[in-house]
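First up is the structure itself, then whatever we jot down about it.
Number of protein chains: 2
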Amino acid sequence: MAGIRDVARQAGVSPATVSRVINGTTPVAADKRERVLRAIEEMGFVPNEVARSLFKKSSKTIGVIIPSIRNPYFTQLADVIDAAAKERGYRIVLYNVHHDLDQERAALQMLAAANADGVIVASNNEALQEELAHYQMPVVVVDALFQTRQVNAYLYCDYYQGGRLAAEHLTACGCRNLVCIRGVQGLYTAQARYEGYRDYCREHGLTEQVVECDYDFEAGLSMTEELLERFPQVDGIVACNDMVAISVYKILHKRNIAVPDQIQLVGFDDIHLASLISPELTTIHQPIDAMGRRAVEVILNEGHLPKEGRRQSFPVSLVPRETTRSKESR
Amino acid sequence: MAGIRDVARQAGVSPATVSRVINGTTPVAADKRERVLRAIEEMGFVPNEVARSLFKKSSKTIGVIIPSIRNPYFTQLADVIDAAAKERGYRIVLYNVHHDLDQERAALQMLAAANADGVIVASNNEALQEELAHYQMPVVVVDALFQTRQVNAYLYCDYYQGGRLAAEHLTACGCRNLVCIRGVQGLYTAQARYEGYRDYCREHGLTEQVVECDYDFEAGLSMTEELLERFPQVDGIVACNDMVAISVYKILHKRNIAVPDQIQLVGFDDIHLASLISPELTTIHQPIDAMGRRAVEVILNEGHLPKEGRRQSFPVSLVPRETTRSKESR
DNA sequence: CTGAAAGCGCTTACAG
DNA sequence: CTGAAAGCGCTTACAG
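If you read the protein sequences in the order shown, they are chains B and G. Quick note on the numbering used here: the first sequence kicks off at 1 and runs consecutively. Quick note on the numbering used here: the second sequence kicks off at 1001 and runs consecutively.
In structure tokens form, the structure reads like this:
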């Protein structure tokens, strides 16, 4: 690997001058500049980023920590963040931590050790908040809400309202026996959705019927079986996310239960897949793009501000499609 | 940020000794070791990886370059690679290059500049092969096949056989009017699938009918419309990958064309989603897990060997499910 | 405009 | 077993 001193020797200048040409930090005489550029070209020189960031303490990198690379929600989020970061000259490093606290910790450490310019973490792990407070790099938490104020921002949606909207919509579509497949409680994002559903039921004299489930499709498959056993009279299901909703549909379809004729179904997230599968999934839309872009903005524009755990909530909306019998969807 | 000299001062030893304790490279007297460990604990010291890898020229990192983070095929591949790498103490850095040559180049440069220990690239971009030859770090190409021998290995599937199997299966299921939605030609992976289909048709006196399409679902949607217009008598479709197959199904469903009764459908890849949607997709299985694990193995075990562009082909198989009327699937 | 020098935070011969 | 020193490949005051 050619280094900056090799280039300097070949161009007959000092390493400092080569550095100046590369970075454009200080004017350099036209002829020397030429020679340096030619030498760089000839030698195929590429500046060593490691050395560079050792000095600069910035690596033009934003870390993105997601709990699962298999859930399209996170994958879409990562994709917008990626696009937004690239527009500003940053790259992202994606850490797929498999919902594992140790891996989350490791990712955070690596990012800190690698001079990352900030980290965007989508994690529900309560235990992570202590960790977060250890680091001084900018941190944005997306799709979760913790107690600690030691982060630059929390970006999340009005999940409670989402839960309400789902219950309300199903009721408007004629359902009387709603069952909520809620995510693991204790997690804010899952809790709020459930509470929205619950409050709506209470206010409208509906029986509250609940089943609990992890956010992935394997869990969704088995939990749906259980649901049908425990609540055979169910006519409307609120799923905790779209992947689970897709699993629910799969089981219903397998059992020849017509959707939406016998059972109606509402998902949560509005991932691309929701409108790609057949029937298209009625779901609660999260503004994933807006959240991702905002996250990058906070890191880059407000990362230097003191951490105050500011909260920003994004609105959700119900998108009626083919798994419910709404008037709008026909 | 506390540095190694701060720790050294507090423990009353030299920085070198601290380094030895951290790395376990040389025995250190028990009492000093104790003091160092305590100091590290108290100060919350984390060794700076950038400085470390500047010296070591290894960053315990494997770069993974994928063309799209939205196609579950690549996401599943990245996930196995991630798992396999972590088992060996390496982490991966995922670059989502949006099928863009400039982004691919940039990713490669960054990886080289970041002292990556190897790179696994899933890209069909012919133009990339020149680039690949520039770098001396280990390179494995997955799901593609180029001419250059300047890579450590090509890992791919017997796509040709996959194309044949799909055509053969549809024929066995009673189809007489096969249409192949092939990927953009010129790419080996797409070409070979098509040729398998084509040769089967020729050998069995079937008319070859083709439509061309990008590998994502947006393209699949519009191409299906075109297909139905051009080949109204179609009764069997070979799709270039599962995401496209899902789009095909969507359009057929929208038009009330029964699958598999009126038109039968075979996908390619066997991503998780293929068996999650309803109806389950009949598809050509690629051993994604085996390929991903093998890729890591090559980087880590054979990365130091001279680059000879060795090729390793993995077998494919047809998985009959619900979008075809095979006897086995019922 | 330019070079010599010091330093980013570590690690490893080298000499004891 | 341990410390002083040199160096990984860059960048930026500093002095001209």
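The beta carbon of each residue, even a glycine, is placed where N, CA and C say it ideally should be. All values reported here derive from a predicted model rather than from experimental measurement.
Quiz item: In terms of residue numbering, what span does the alpha helix (DSSP H) encompassing residue 163 of chain B cover?
Solution: 159-172
Self-check item: Endpoints, the beta strand (DSSP E) within which residue 285 of chain B is located
Solution: 282-285
Quiz item: DSSP state of residue 1329 of chain G, grouped into three classes?
Solution: Note that residue 1329 of chain G scores 45 on pLDDT, short of 50, meaning its location in the model is unreliable; the coordinates nonetheless yield the value given after this. The answer is coil: DSSP assigns residue 1329 of chain G none of H, G, I, E or B.
Quiz item: To which residues of the same chain is residue 1292 of chain G closer than 7 Å at the C-beta, ignoring the five residues directly before and after it?
Solution: 1077, 1080, 1081, 1084
Quiz item: Using CA coordinates, which residue listed in B:20, B:281, B:51 is at the minimum distance from residue 325 of chain B?
Solution: B:281
Exercise. Mind checking which residues open and close the alpha helix (DSSP H) that includes residue 1196 of chain G?
Key: 1188-1203
Practice problem: Following the continuous alpha helix (DSSP H) through residue 82 of chain B, name the residue where it begins and the one where it ends. | Solution: 72-87
Exercise. Assuming residue 1258 of chain G and residue 1283 of chain G form a contact by the criterion Cβ under 8 Å, report the distance between their Cβ atoms to the nearest whole angstrom.
Key: About 19 Å separates the two Cβ atoms, so there is no contact after all.
Practice problem: Return the residues of the region 233-250 of chain B that lie within a Cβ-Cβ distance of less than 9 Å from chain G, sorted by chain order. | Solution: 243, 246, 247, 249, 250
Exercise. Identify the continuous beta strand (DSSP E) that holds residue 1061 of chain G and give its terminal residues.
Key: 1061-1066
Exercise. Could you tell me the distance, in whole angstroms, from the CA atom of residue 133 of chain B to the CA atom of residue 150 of chain B?
Key: 5 Å
Quiz prompt | For residue 260 of chain B and residue 182 of chain B, the rounded distance between their alpha carbons | solution = 20 Å
Quiz item: In three-state DSSP terms, what is residue 1006 of chain G?
Solution: helix
Self-check item: Any non-hydrogen atom of the ligand SAM closer than 7 Å to residue 204 of chain B Cβ
Solution: Among the components of this structure there are no ligands whatsoever, and the ligand SAM is therefore not found.
Self-check item: Rounded separation between residue 190 of chain B and residue 210 of chain B - CA only
Solution: 13 Å
Quiz item: Taking Cβ-Cβ distances below 9 Å as the criterion, which residues of the region 107-126 of chain B are in contact with chain G?
Solution: 107, 109, 110, 112, 113, 114, 115
Quiz prompt | Burial state of residue 1026 of chain G, where buried means 16 or more other Cβ atoms lie within 10 Å | solution = exposed
Exercise. Would you decide whether residue 1270 of chain G is buried or exposed? Buried here means 16 or more other CB atoms lie within 10 Å of its CB.
Key: buried
Quiz prompt | Beta-carbon neighbours of residue 48 of chain B, restricted to chain G and to distances below 7 Å | solution = 1113
Quiz item: In chain G, which residues lie less than 9 Å from residue 44 of chain B when you measure between Cβ atoms?
Solution: 1134
Practice problem: Report the neighbours of residue 1075 of chain G on chain B: residues whose CB is nearer than 7 Å to its CB, in chain order. | Solution: 69, 70, 75
Quiz item: For residue 118 of chain B, which option in B:301, B:108, B:106, B:137 has the closest C-alpha, if you only look at C-alpha atoms?
Solution: B:137
Practice problem: Tell me the start and end of each unbroken beta strand (DSSP E) in the region 271-318 of chain B that is at least 3 residues and wholly inside, in chain order. | Solution: 282-285, 310-314
Quiz item: Taking the alpha carbon of residue 87 of chain B as the point to measure from, which residue in B:300, B:307, B:311, B:319 has its own alpha carbon closest?
Solution: B:300
Quiz prompt | Listed by chain order, chain G residues near residue 278 of chain B by CB distance under 7 Å | solution = 1249, 1250, 1253
Quiz prompt | Min CB distance residue 7 of chain B to chain G below 8 Å | solution = no
Exercise. Could you name the residues of the same chain whose beta carbon sits closer than 8 Å to that of residue 179 of chain B, not counting the 5 residues immediately before and after it, in chain order?
Key: 209, 210, 211, 227, 231, 234, 236, 237, 238
Quiz item: Taking only beta-carbon atoms, is residue 1265 of chain G less than 8 Å away from chain B?
Solution: no
Practice problem: Establish whether the CB of residue 1217 of chain G and some CB of chain B are separated by less than 8 Å. | Solution: yes
Practice problem: Tell me residue 1091 of chain G's beta-bridge partners as DSSP assigns them. | Solution: G:1061
Self-check item: Given residue 215 of chain B as reference, the closest of B:59, B:152, B:69 once Cα atoms are compared
Solution: B:69
Quiz item: In whole angstroms, what is the alpha-carbon distance linking residue 164 of chain B and residue 196 of chain B?
Solution: 4 Å
Exercise. Report the residues of the region 17-41 of chain B with a CB closer than 7 Å to any CB of chain G, ordered along the chain.
Key: none
Self-check item: Alpha-carbon spacing of residue 266 of chain B relative to residue 250 of chain B, whole angstroms
Solution: 14 Å
Quiz prompt | Meets three-Cβ-pair contact criterion under 8 Å: the region 1100-1119 of chain G and the region 42-49 of chain B | solution = yes
Quiz item: Does the beta carbon of residue 1329 of chain G come closer than 8 Å to any beta carbon on chain B?
Solution: Any reading at residue 1329 of chain G needs caution, since the residue's pLDDT is 45, under 50, leaving its predicted position unreliable; the model's value is listed next. Chain B contact via Cβ: absent.
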